[in-house]
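Have a look at the structure below, then the notes.
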Amino acid sequence: MRDLMPLAMVGPGCTVQIACVRGGMRLQRRLADMGLTPGVVVSVLNSQMPGPVILNLRGSRLALGHGMTMRILVRTV
Amino acid sequence: MDREEIITASYRSLAHLESIFADESETVIADARYGFIAGLVKDVVKKPPIERLTLSDQIDMLVINRWFGLPLLLAMMYLMFQFVFRLSAPLMSWIDLGFGRLAVVASGIGGWEGSLLAEGVIGGVGSVLMFVPPIFLLFIAISVLEDCGYMARAAFVMDKVMHRVGLHGRSFIPMVLGFGCNVPAVMAARTIENSKDRITTILINPFMSCGARLPIYVLLAGYFFADHAGLVVFSMYAVGAAVAILMAFGLRKTLLRGISSHFVMELPPYRLPTLRGVLTHMWERGRLFLKKAGTFIFGVVVLIWLLNYSGALEPIGKAIAPIFIPCGFGQWQAAVSLLFGFLAKEVVVGTMGTLFAAGEGVLGQAIATQLGWSPLAALAFMVFCVLYVPCVATVATIRSETNSWKWPLFTIFYTTATAWVAATLIFQVGGLFLG
Amino acid sequence: MVVALAGNPNSGKTTVFNNLTGARQHVGNWPGVTVEKKEGICRWKGRSIRIVDLPGVYSLTAYSPDEVIARNFIVEEKPDAVVDVVDASNLERNLYLVVQLLEMGAPLVVALNMMDEADSRGYRIDVERLSQLIRAPVVPMEANRNRGTQGLLDEIAKVTDKEIRIPELIVNYGREVEEEITKLESRISSAGDLAKRYPPRWLAVKLLEKDQQIVEVLKAVEGG
C-alpha cells in the first residue's frame with residue numbers, strides 16, 4: 254500500500270496519481286469537471302510550497318490554490 | 036405524484052450504489068465518462084512519446100515564480116498605467132480644447148439658445164468624448180494582457196494576497212477594470228463563482244477610482260499642489276485601492292462572512308494577441324461606458340445648464356452644503372458639484388466650470404479665491420471624490436448584477452459615509468498639524 | 241433556424257462565433273469572461289441562421305450559473321443544432337462536454353478547433369474515426385485563420401435537415417450503475433410528458449449524479 258500525501262507536498266517535476274479529494278461534493282465535482290478524477294495521473298509543473306501548484310493534467314494546465322492542494326491526496330507512481 | 040416517486044426511486048438507487056462503491060455516485064459516473072474518453076483518445080490520437088515542456092510552461096516558470104511573480108505583476112501594472120496616462124493626457128486636453136473653441140463659436144449665437152448649444156449640447160458631448168482616451172486605452176491594455184494569457188497568471192499570482200483579505204484571485208481583474216470604468220468592472224465580477232466573494236468584489240469596486248474622476252484630481256492637484264501634482268494624483272488611486280482592500284476585509288468579517296472559495300483555474304497557453312481580438316475586447320467594455328456616458332452625462336449636463344440658467348442651483352446647494360463643513364468644503368458650489376457627481380462623475384469639474392463661469396485654465400484659481408480653499412481642503416475634497424457614491428450607472432449595474440435592491444442601496448450609504456469620515460478626518464486632523 | 245454554440249472557455253468558441261456572424265465578440269482567453277447571451281445572424285446559402293453563443297463551460301453538471309444557462313438553453317429551447325467547439329490540443333478535457341451533449345441527445349456537430357496548436361505539439365488526430373465512434377460529424381478547424389467555417393456550415397445544414405436524433409448508448413457506466421439507470425429510465429418513460437421534455441436516460445443519469453437543478457425542476461413541474 255503506497256502512502257498517500259497531499260498534492261501540496263509534491264515537488265515540481267514529479268508525476269503522481271490522484272487518490273482522492275477530501276472535501277465537499279461541490280469541490281469534487283468541480284475538479285472532476287476539469288479532469289481531476291481519482292486515478293488520473295498528473296505531473297506537477299510548478300509548486301511553491303506553501304502556495305499554489307500548476308499541474309499538467311490530461312494535456313492542459315491547471316492551477317490550484319494552496320487550500321485545494323492540501324485536500325487532494327495523491328500517491329507516487 | 037409521478038415525479039415524487041421518481042425522485043424517491045432515485046434516492047433509493049443512490050443509497051444502493053453508495054453502499055457498493057467507496058466513492059460518491061457522481062465520482063463513479065465522472066470516472067466512467069473519463070474512462071470512456073481515455074479509451075476514445077487512445078484510439079483516435081497519436082501523441083509524441085515524450086510530452087515536452089512547452090514554451091508556455093517555460094515562461095511560466097518565471098511568471099508564476101514565487102519570488103519573481105508578484106514584482107513582475109507590479110511592474111506590468113506600472114507599465115500599463117504609464118502607457119494609459121501618458122498617451123491619454125495630450126489627447127484629453129486636445130479634445131477639451133477643440134470643444135472649448137466650438138463652444139465659444141456656438142455661444143456667439145447669443146441668447147439662451149446659444150448658451151444651451153454651447154454649454155449644454157457641446158459641453159455635454161465634449162465631456163463625454165474627453166474620457167474616451169484614458170478609458171479606452173486602459174481597456175486596450177487589459178485586452179492585450181488577457182488575450183496573450185497573462186491575466187490568468189496574474190489572477191493566480193494575486194490569489195495568495197487576495198485570499199488574506201477575503202477576496203479571490205479572480206477579483207483582480209474587476210478591480211483593475213474599475214480604474215477605467217466601474218460599470219464593466221462590476222460586470223466582470225461574474226467570473227467569480229462564490230456569491231460572497233463576488234458580492235464583496237462588486238461592493239468594493241466603487242473605491243477603485245474610475246477614469247471619470249481623473250480630471251478632478253488633475254485640476255485640484257495641479258493648482259493646489261503644483262510641483263507634487265503627480266504624486267498627489269497617484270496617491271488618490273492608492274487611497275482608493277487601500278480603502279477597497281480594507282473594506283473587503285471588513286465586509287468579509289461582518290456582513291459577508293464565510294470561507295473564500297478555492298482557486299482553480301485553467302492556464303491557457305500563451306498566445307500572440309490579434310489586433311482584431313484586442314479591439315473587439317476593448318469595444319465590448321468601452322461601449323458600456325459610451326452607452327452610459329451618452330445617456331447620463333449628456334442628460335446631466337443639459338440638466339445642470341437648465342438649473343443654472345433658472346437660478347435653482349444655488350438654493351439646492353445651500354441646502355446640502357452644511358453637511359460638508361467639517362470636511363472643509365461646506366460651500367454650495369462644492370455641494371452642487373458633488374451632488375451631480377452622483378449622477379455622473381464626469382460632470383463634477385464641468386459643473387464647477389459652469390458655476391464659476393471659468394475655463395479649465397483659471398478654474399483652479401477661481402475655486403481657491405471664491406471658495407477660500409486651502410490645499411488641505413482640496414485634498415479632503417479629492418479624497419471625498421475617490422470614495423463617495425459611484426455614479427448612478429454603476430449603482431444600477433450593481434443592482435442588476437446582484438439581483439437585489441439591498442446591495443445597491445447599501446453601496447450608496449456606505450461609500451458616502453466612508454467618504455465623509457475620511458474627508459473629515461483629513462481636514463480636521465490635518466488642520467491640527469498645520470496649525 | 242437556431243444554432244447554439246457551446247464549448248470550453250479558451251477553446252476559440254468566440255472566434256468561431258465571429259467567423260460565423262461577422263459580429264464583434266470576445267476572444268477572451270482569461271477563463272470565464274461571461275457576458276450576456278450573445279446572438280448573431282449568419283446568412284448562408286439563402287438561409288438566415290440565428291447563432292446563440294452559450295457561456296463557456298467545462299461541463300453541464302449545473303455547478304455554476306453558466307452551466308445552468310447553457311444546459312437550459314439546449315434542453316428547453318431545443319436548438320436545431322449544437323456546435324461544440326473543441327480545443328484539439330486539449331482533447332481529453334474537451335471531450336467531457338462532448339460526451340455530456342451526446343447524452344442529452346443534442347443534435348451535435350463537433351468543431352475540432354486549434355488544429356494548428358495540436359499539430360505543433362505533434363498530435364495526429366484521426367478525425368474520421370473520432371466521428372465514427374461518437375456518431376456525430378467532426379469538422380477540423382483553425383478558427384484563428386477562419387479555416388473550416390464553410391465545412392462547419394455544411395455539417396450544420398446536414399444535421400438540421402435530419403430528424404430528431406435519439407441518444408445512443410454512449411457511455412457504459414458499469415453494471416451496477418446501469419441497472420439503476422434502467423430502473424429509473426422506465427419510471428421516467430412512463431411519466432409521459434416528462435419523457436417528451438427530456439431524454440429519459442439522460443434524466444436518470446442526472447438523478448444519479450444528484451443534480452440539484454434537475455431535482456428542483458422535477459419538484460416544480462406539477463401534475464401527472
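As given, the protein sequences belong to chains A, B and C, one line each in that order. Taking our numbering, the leading residue of the first sequence gets 254, the next gets one more, and so forth. Taking our numbering, the leading residue of the second sequence gets 36, the next gets one more, and so forth. Taking our numbering, the leading residue of the third sequence gets 241, the next gets one more, and so forth. Where is the CB? At the ideal position from N, CA and C, for every residue including glycine.
Kindly indicate which three-state DSSP category residue i falls into: helix, strand or coil?
i: Thr-451 (chain B); result: helix
i: Val-275 (chain C); result: With a pLDDT of only 44 at Val-275 (chain C), under the threshold of 50, the placement of this residue in the model should not be trusted, and no figure is reported.
i: Asn-386 (chain C); result: coil
i: Trp-270 (chain C); result: At Trp-270 (chain C), the pLDDT of 31 sits below 50, so the modelled position is not reliable; the number obtained from the coordinates is stated separately. Residue state, collapsed to three classes: coil.
i: Val-253 (chain B); result: helix
i: Pro-350 (chain B); result: helix
i: Ser-244 (chain B); result: coil
i: Pro-259 (chain A); result: strand
i: Met-300 (chain B); result: strand
i: Ile-360 (chain B); result: coil
i: Trp-440 (chain B); result: coil
i: Gly-476 (chain B); result: There is no way to answer for residue 476 (chain B), as the model of chain B reaches only from 36 to 470.
i: Gly-280 (chain C); result: strand
i: Ile-355 (chain B); result: helix
i: Lys-459 (chain C); result: helix
i: Pro-168 (chain B); result: helix
i: Arg-306 (chain B); result: coil
i: Ser-270 (chain B); result: helix
i: Arg-225 (chain B); result: helix
i: Ser-299 (chain C); result: coil
i: Cys-273 (chain A); result: strand
i: Pro-209 (chain B); result: helix
i: Leu-469 (chain B); result: coil
i: Gly-247 (chain C); result: strand
If we define contact as Cβ-Cβ less than 9 Å, is residue i a contact residue for chain B?
i: His-266 (chain C); result: Residue confidence for His-266 (chain C) is low, a pLDDT of 39 falling below 50, so the modelled location carries little weight; the figure read from the coordinates is stated next. Closer than 9 Å to some Cβ of chain B, the Cβ of His-266 (chain C) qualifies, so yes.
i: Ser-288 (chain C); result: no
i: Gln-281 (chain A); result: yes
i: Thr-301 (chain C); result: yes
i: Asp-366 (chain C); result: yes
i: Lys-450 (chain C); result: yes
Against chain C, with Cβ distances strictly below 9 Å, would residue i count as a contact?
i: Met-287 (chain A); result: yes
i: Arg-287 (chain B); result: no
i: Leu-75 (chain B); result: yes
i: Leu-49 (chain B); result: yes
i: Met-323 (chain A); result: no
i: Ser-313 (chain A); result: yes
For a quick check, are the C-beta atoms of residue i and residue j less than 9 Å apart?
i: Lys-77 (chain B); j: His-319 (chain A); result: no
i: Ile-323 (chain C); j: Val-350 (chain C); result: Note that residue 323 (chain C) is Val in the sequence shown here, rather than Ile. Cβ distance < 9 Å, so Val-323 (chain C) and Val-350 (chain C) count as in contact.
i: Ala-190 (chain B); j: Phe-207 (chain B); result: yes
i: Leu-434 (chain C); j: Ile-42 (chain B); result: no
i: Ala-397 (chain C); j: Pro-319 (chain C); result: no
i: Val-183 (chain B); j: Tyr-305 (chain B); result: In the sequence as presented, Val is not what sits at residue 183 (chain B); that position holds Cys. Yes, Cβ-Cβ distance for Cys-183 (chain B) and Tyr-305 (chain B) is below 9 Å.
Does any residue of chain A bring its CB to less than 9 Å from the CB of residue i?
i: Arg-311 (chain C); result: no
i: Lys-436 (chain C); result: no
i: Gly-204 (chain B); result: yes
i: Leu-331 (chain C); result: yes
i: Pro-106 (chain B); result: no
Please list, in chain order, the chain F residues whose beta carbon lies closer than 9 Å to that of residue i.
i: Gly-292 (chain A); result: Chain labels in this structure do not include chain F; the protein chains are A, B and C.
Residue i versus chain C: which residues are under 8 Å apart at the beta carbon?
i: Ile-55 (chain B); result: Glu-416
Just to make sure I have the definition right: I need the residues of chain B whose C-beta is within less than 8 Å of the C-beta of residue i. Which are they?
i: Gly-362 (chain C); result: Lys-82 and Pro-83
i: Gly-304 (chain A); result: Arg-101 and Lys-195
Quick one: list the residues of chain A neighbouring residue i, beta-carbon separation under 8 Å, in chain order.
i: Tyr-336 (chain C); result: Asp-286 and Gly-288
i: Glu-61 (chain B); result: Met-278, Gln-281, Arg-282 and Ala-285
Using the beta-carbon of each residue, which ones in chain B are nearer than 9 Å to residue i?
i: Arg-275 (chain A); result: Near Arg-275 (chain A) there are no residues of chain B at all, since even the closest Cβ is about 12 Å away, more than 9 Å.
i: Ala-431 (chain C); result: Asp-37, Arg-38, Glu-40 and Ile-41
Just the chain B side, please: which residues come within less than 7 Å of residue i by C-beta, in chain order?
i: Gly-320 (chain A); result: His-297
i: Ile-428 (chain C); result: Ile-41
Which chain C residues are close to residue i, counting only those with a beta carbon under 7 Å from its beta carbon?
i: Ser-45 (chain B); result: Leu-424, Leu-447 and Leu-448
What I want to know is whether the C-beta of residue i ends up closer than 8 Å to one or more non-hydrogen atoms of the ligand PLP.
i: Asp-293 (chain C); result: Among the components modelled here there is no ligand, and therefore nothing to report on the ligand PLP.
Is the region 368-383 of chain C touching the region 412-431 of chain C in the sense that three or more CB pairs, one from each, lie closer than 8 Å? no
Specify whether the region 374-382 of chain C and the region 339-350 of chain C touch according to this definition: at least 3 beta carbon pairs, one from each stretch, less than 8 Å apart. yes
Are three or more beta carbon pairs between the region 325-344 of chain B and the region 223-237 of chain B nearer than 8 Å? no
Assess, as a yes-or-no matter, whether the region 156-171 of chain B is touched by the region 331-339 of chain B under the definition of 3 or more beta carbon pairs within less than 8 Å. yes
For the region 371-388 of chain B against the region 412-428 of chain B, do three or more pairs of beta-carbon atoms, one drawn from each stretch, fall closer than 8 Å, so that the two count as touching? yes
Examine the Cβ distances between the region 271-280 of chain B and the region 231-251 of chain B and report whether three or more of them are shorter than 8 Å. yes
Specify whether the region 283-296 of chain A and the region 44-53 of chain B touch according to this definition: at least 3 beta carbon pairs, one from each stretch, less than 8 Å apart. no
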